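Heads up, the thing below is written out as C-alpha cells.
There are 2 protein chains.
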Amino acid sequence: MHATKYHIFTLKEAPSEAETTSHKLMTRAGMIRKISGGIYTHMPLGLRVLHKIEAIIREEMNRSGSIELLMPIIQPAELWQKSGRIKEYGPELLRFKDRNERDFIIQPTSEEVISEIARNEIHSYKQMPLIFYHIQTKFRDEIRPRFGLMRSREFIMKDAYSFDTTEENSLISYETMFNAYSGIFNRIGLKFRAVAADTGSIGGNRSHEFHAIAETGEDTIVYDRYSDYASNTELAEAPCLILERNKPKQNMVLAHTTDTNTCKKVAEYLKVPIHSTIKSIVLMTPSENRKMYLLLIRGDHTLNDIKVKKIEGLDKFRLATEEEIFEYFNCKPGFLGPVNINKSITVIADRTVANMSDFVCGANIENMHYTGVNWSRDLAEPDAIYDIRNVEIGDTCPNSNNILSFQRGIEIGHIFFLGTKYSKALNVSFLNKEGKSNITQMGCYGIGITRIIGAAIEQNNDENGIIWPKSISPFEIVICPIGYKNKTRVRETSIKIYELIKESKIDVILDDRDKRPGIMFAEWDLIGIPLQIIITEDNIKNEEVEIKIRKTNQKTRIHITKLIETTIRILNNL
Amino acid sequence: MHATKYHIFTLKEAPSEAETTSHKLMTRAGMIRKISGGIYTHMPLGLRVLHKIEAIIREEMNRSGSIELLMPIIQPAELWQKSGRIKEYGPELLRFKDRNERDFIIQPTSEEVISEIARNEIHSYKQMPLIFYHIQTKFRDEIRPRFGLMRSREFIMKDAYSFDTTEENSLISYETMFNAYSGIFNRIGLKFRAVAADTGSIGGNRSHEFHAIAETGEDTIVYDRYSDYASNTELAEAPCLILERNKPKQNMVLAHTTDTNTCKKVAEYLKVPIHSTIKSIVLMTPSENRKMYLLLIRGDHTLNDIKVKKIEGLDKFRLATEEEIFEYFNCKPGFLGPVNINKSITVIADRTVANMSDFVCGANIENMHYTGVNWSRDLAEPDAIYDIRNVEIGDTCPNSNNILSFQRGIEIGHIFFLGTKYSKALNVSFLNKEGKSNITQMGCYGIGITRIIGAAIEQNNDENGIIWPKSISPFEIVICPIGYKNKTRVRETSIKIYELIKESKIDVILDDRDKRPGIMFAEWDLIGIPLQIIITEDNIKNEEVEIKIRKTNQKTRIHITKLIETTIRILNNL
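Residue numbers (the numbering used here), protein chains in the order written: chain A, 1 to 574; chain B, 1 to 574.
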C-alpha cells in the first residue's frame, strides 16, 4: 500500500466528549468517525484492525470445530415472544413495526433465531455436538453510549451457540469455547483474565467473563494470586468476617447523634470504629405484591444488587421512597435501624452483620442512634441471613483464604451454559439413541469484536499514541523516507525495500506523501504501527537504513542486505 | 473439511412459496433458511459462497484504487432530511425512533453518511480522486419480498462512492468503476450485460445497470448485436416508426364498434390493422395542481411510465379515475380519443402517433370510434410530442438502425454519476488549486452481493441441482468414497488424496459420512460442487480413481499418481 493511494487523516485534538484514552486515540488516528451517539463509521485504518481481529476469531473458531453461518440482523418479534425475552429485555432492545405493522427487533444476540434453525435442522443425537457461530452487527439502545467503541449502540459481535444431547456434553462444549476464547485473546496479544460471572438476563447457571485488564475498565474483578479463583465482583462471594458472635458486653443505650445521617459520620461523632456500625437499606417489592424489606450491612460495606436480586421475592426490588419509609418507620432515612420495627418488615442481615455484637444502629428517631445493640437480647434474630455485600479490599478468597487481589477490566467475552432455557421455549428436540425425544442442552458464547479494538488500545499506548500489537495492527511496518519526492536514491531505495517486504508477506505501507519528517513521524507514532523503517540519504550512503521499534522507541541501523532477515526477526519478537 | 464435522442438511422438497429455480435449489441444498418474509439465514454452505463473492469484490475494488471502510447500518434521519431523501423514499425506507424519540433509518444505501464523512475529511483538491466502498447489510421494506435472495428485505450490498474535483474527473471514476464491475462479474463467471439505465430516486444523469442474463429476470434489456448499444427497456429510446406523415386519403367517419373497449378488439371489429389504431390514456397531476393529460400511443404499443415521468409537470402523475374521465370526456373509458375534447386537456402524442394519418381512435361516445382521422384536418396538432412508449420486438437501435435484440436480466450492479445532488445538500466542498471553495462531484456504485448468488444459480443448474462456477462454489472438489467406514483401503486412500489436494490450496471437502452412494451422489449433485472425486475399492485395485465433472456429467478414470496434476488442469479449464 502506498500512503498517497490511501486515506490517512489524523487530528491534532480529540473531541471533547472523548473520556478514555482509546476513544481519544482512535478518533485522533482517524480510525473511527462518529455519525450519531454510539454509532460510528470504521474508517479505512480502523477497518483493517477490525478485519484482522475477525480473521483471528474465524480461524480459532473453525479450529475448535465450530461452524460459521450468518443470521439476520432484523428478527421477527414473534420468536422473542416465545422465549419471553421480549418482556425481559428493557428499552435497550430496539423494536419497530414494518410496513405491514408486524413487530420486529434489531438483534442484540441471536438465541431465538439459532434455536428456530436448530429446531428444523437437528433431529438426531448423531448430529451433536454442534456449535454454530456468526460474526454480525448488533444493536443495543444504550441509555448512555460512551467511550467510543467500548459502549456503542451499533457494534460487531461474534456469537456462538452450542447444542448438545446432555448437560455433561454441553459442559464439554463450554470448555471447548473457553479454550477457543483464551486462544483468541492470546493470539491478539491482550492481557486478560477469565472470571466467574453472573448470568444476567441471558439465563442459565454457569458463566465466565473474559476481561481485558485496564485501569479504565468499567468492571471490577477479583482474583486470588495463588489459586485459580477469579470472579467479577458482582458474583464474588464475600466472606463472613466474624466467625462466631461474641456475648454482649454493653448495654443498649440511646445516643444523640445530631446531623449524622451516614455510618461514617455516626462513627466519627460517637468515636467508635466504623465496623461497629450497621447500615440500614430499605427496599420494596413491585406494586402488585408490595412488601418492605430492611437489609443490613456493616457500615463500611456496600450492597451488591445482583446478590440481592437472587433472593426469593427480591428479583424485582426497588429502593423504598422517603414517603414509604416514613409510613413504616415514622422516621426519615439516615436514622433507621432494626430495633423495634413494624412486624410486617422482613429483616435480612449480611452474614457479617448477623454475627456482630454491641453494634451501633439508627434508633428510628431523628438524630438518634442506639449503641451496644445485641441480637436476641435487644431485637429478634434477623428473618434471613445472606451474602448481600460486595467484596472489599482485604477480603479473603472463599476457596483458599488468601487475601483477594483487585483489578479493573473491560469485558471482551462472555460464555454461558444455558441448559434448556431456550431449547424448551422454542422446542429444540432430538431423538436419542433409544429413539426417544429429548430437549437439547444449549450454551451461548459472545466476543465483542469492536470492543476488543478499544481494549487493545487501552493496554497499548503512550503519550505519542497507539502501540498496536502486531497481530491486529493496520499495517505491520511503515516505511518512512525522508525526501521521497526530491531525492532519487531515497525514493528508489524506499520502493525497492517496499517490494522486498511485500514479497515476504508482511503487511507494509510506504509513506510516499513526502511530508515533513516531524509531521510524518508524529503521525505514524499516533497511528501506532509497531515497526518503522526510516530511509535517509545519509544512511543510504552507508548502505544502511534505520529501524525504529514503536514500543521502545529503540532505533537500530541495519545494512540493507540484512534488512529483511532482521525485520522478520524483530517482528517475531514483538 | 470433513463432512462429519460440517453441517450439511438438504431437503427433498422446496417450500411451496419458492417460485424460481434459484430459490428452490438454494433452499433444497441447505444454503439459506427463511426466518421471516424476505429475511434469511445464510447457512454454512451458503455463507461460503457469500464469502467467496465478497473476497473477489474486495480484491477487484482494491485493485481499482478504491478504499474500504464500514459505515453504520443505523443512520440518523437528520442526514436524510438534509438530502431530501427522507421524503422521496417511500415506505421501503425503514424508519424508527430510538429510546430518546430521535428518528433513525436502517440504511438502504449510504450516500448521506459518506457525504457527511467526506465533508469532514476532504479539504483539498489534492485528496481526490477518492473512492470509498463498504460491504454492509442493507434493509428495504419490500412490499412483496420474493424469489429468495433475489428480492429479499435484508441483503448485503457493496456500495462505493466517488469524489472528484470536476465532472470530467468524475466520469473517469465512473469509468474505473464500470471496468471494476466488469472484472468482478467476469471473475465470478457470470454471463452479464451492462446497459444504459434510468437514475430513479438516486438522482444524477448518467447510469448503467449490470444484468445477469436469465430467463427468470425481472427486467427486460435490449441491445444491438452489431454495436455496443444496450439499454434497460425503461430507458431505451423507441424509434419513430413513420418518418413522414402521409396526406389524408380517407374521410373521418363515425363507426359503431359495439363492446370493443381495447384497440385489439376495435381493429378486429373494423377489420383494420391494429397499427392503424390509437390508444388513449388519461393521466392526472397531483391534487395540489390538478390537470388532465391525454397520452396517445399506437394501438399495439405500451406506455413507458419512466419516460412519462420525465416530462415536465408529469413527474408525479397518476391514472385518472373513471369519475374524472367522465367529468372531462362525458364518456367512459374504452372509447376515448383526441377529437373534439375539452380545451383544458393537454394532448401528448408519441412520436409515431404524431406522424400517423387515416387513423382510428375513440369518439368519446360509448360504443363508437372514428376512422380516417387526420391531424390538422380533424383535430388540432398535439400539444407536445415525446417518446413515451416501450421499445417492442422489431424496433431498431437508435444508433445503428439494426433490429434490437431482447433479453431478460437480473440487476446485479448499478452505477450512477450523481453530480452535486448530495455534495451540495450536505456541503461537501474543497479548495481548488486557486484556493477557492468548490463543490465535489460524486458518483455511487452498487453491487447486490446476495443477489449474485441467486443469479449465478439461475444461470448454472440442471434437473439435478446447482452447478457452481468454481470461483464461488462452497467447495471446489468433493471426495466421495464408497464404503468409507468398512473398507480400510477406501478410507486410507480418501484421506491421503484429501490431504494432497488440500496441500495444493484447493478448497476440498471429504464426505466421510458413509452414506449410501445413491444418496451421497444425489446430495452433491444438488449442492453443485463442480468436481467430484469418486473412490471405490475396485478402482483402487488398479491404482485409479474416478473424476466426475458436475456440469457435463463426464467421468474419467485417472491413475492416482497423476490425480493432482489432472485435477488442477480440469479445474483450470472449468
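Ideal Cβ positions, reconstructed from N, Cα and C, are used throughout, including at glycine. Since the structure is predicted, the reported quantities are computational estimates derived from the model, not experimental observations.
The straight-line gap separating the alpha-carbon atoms of Q127(B) and A3(A) is approximately 11 Å.
Of the candidates P398(A), K433(A), I452(A) and V339(A), I452(A) places its Cα closest to the Cα of F210(A).
In the structure shown, the three-state DSSP call for A180(A) is helix.
Secondary structure of S405(B) (DSSP, three-state): strand. With distances taken between CA atoms, F192(B) lies nearest to I221(B) out of M442(B), S170(B), I221(B) and L171(B). In the DSSP assignment, L25(A) falls within the alpha helix (DSSP H) that extends over T21 to R28.
The shortest CA-to-CA distance from V490(B) to any of Y445(B), K470(B), S473(B) and I540(B) is the one to I540(B). Judged by their CB atoms, L319(B) and S124(B) are not nearer to each other than the 8 Å cut-off.
Taken through DSSP and simplified to helix, strand or coil, M150(B) comes out as helix.
Rounded to the nearest whole angstrom, the C-alpha separation of V266(B) and I306(B) is 28 Å. Between F185(B) and I412(B), the C-beta gap is smaller than 8 Å, which places the two residues in contact. Residue state for W375(A) is assigned as strand, using DSSP reduced to three classes.
Residue contact with chain B for E154(A): present (Cβ-Cβ distance below 8 Å to some residue of chain B). Measuring C-alpha to C-alpha distances from D141(A) to each of I135(A), N179(A), Y89(A) and Y181(A) identifies Y89(A) as the nearest. Looking at the DSSP output, S280(B) shares a beta bridge with L296(B). In this chain, the alpha helix (DSSP H) harbouring K496(B) covers T488 to E503. Around A354(A), the same chain offers P382 and I385 as residues with beta carbons nearer than 7 Å, after the five sequence neighbours per side are excluded.
Contact between L25(A) and I457(A) holds: CB atoms are separated by about 6 Å, below the 8 Å threshold.
Between K310(A) and I281(A), the alpha-carbon positions lie close to 17 Å from each other.
Annotated three-state conformation of V353(B) is helix, per DSSP. Between K502(B) and M1(B), the alpha-carbon positions lie close to 9 Å from each other. The beta-bridge partner set that DSSP reports for G446(A) consists of D159(A) and H414(A).
Between the C-alpha atoms of I479(A) and D525(A) there is a straight-line separation of about 13 Å. Around the beta carbon of E244(B), fewer than 16 other beta carbons sit within 10 angstroms, so the residue counts as exposed.
Partner residues in the beta bridge of L510(B), as assigned by DSSP, are H2(B) and I479(B). At a cut-off of 8 Å between beta carbons, G65(B) contacts chain A. At the C-beta level, Y328(B) and M368(B) stay beyond 8 Å of one another.
No Cβ of chain A is located within less than 8 Å of the beta carbon of M61(B). V308(B) sits in a helix when the DSSP states are folded into three classes. Counting along the chain, no alpha helix (DSSP H) covers T220(A); the unbroken beta strand (DSSP E) around it starts and ends at D219 to Y223. A contact is defined here as three or more CB-CB pairs under 8 Å, and the stretch 371 to 381 of chain B meets this definition with respect to the stretch 329 to 346 of chain B.
Rounded to the nearest angstrom, the Cβ distance from I213(A) to Q407(A) is 6 Å, consistent with a contact under 8 Å.
Within chain A, the residues P76 have their CB atoms less than 7 Å from the CB of S36(B), given in chain order. The C-alpha of L241(A) is placed about 45 Å away from the C-alpha of F132(A).
Boundaries of the alpha helix (DSSP H) harbouring D525(B): P517 to I527, taken from the DSSP string. Fewer than three beta-carbon pairs drawn from the stretch 11 to 18 of chain B and the stretch 24 to 43 of chain A are found closer than 8 Å, and the two stretches are therefore not classed as touching.
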